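Everything below concerns the one structure shown next.
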Amino acid sequence: MSIRTERVASLIKEEIGSLLTKEYAGQGLGFTTVTSVEVTPDLRQARVFVSVFGAPEVRTTTMAFLEDETPHIRSLLAGRIRLRFMPSVTFILDDTLDRVDRINTLIKQIHRDDPADDTKNPNEPGDAGR
């Protein structure tokens, strides 16, 4: 990614985050965070990854709301960011935190189910020499 695309992505991330907290507060949305933005090299398309904290129904409702509001959000961005062409915006649900939580749960479950003997010192020689 070039410096220009990184700067544009950073600006879009900051502005959409601000819009979600100021313009759309109280809309019944879940706690929504813009996790990252990817902009194509020609600056025509922006993929906005959002993380939504809440039940699956809240996530579905929030994503549907963002898709419906995309033209309005894009027009608000055009007023805040000076570019020749405002990129088209696509919202994508970022479920990275859910996957991390699932992996941590599985690791904890493995450790709980592991009947390892804590009294045995792994540095002591075992019965292999007998």
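Take any residue in the sequence shown, count from 1 to its spot, add 14: that is its number in this note's numbering.
All C-beta atoms, glycine included, are put in the ideal place defined by N, C-alpha and C.
Because the structure is a prediction, the values reported are computed rather than measured.
Take F45, set aside five residues on each side of it, and the residues of its chain with a beta-carbon closer than 6 Å to its own are F67, in chain order. Taking C-alpha positions only, D108 is separated from E29 by approximately 18 Å. Relative to Q59, the option among P101, Q41, D115, I106 whose CA is nearest is P101. Relative to the Cα of E83, the nearest Cα in the group I17, S16, Q41 belongs to Q41.
As DSSP reads the structure, F63 sits in a beta bridge with S50, I106.
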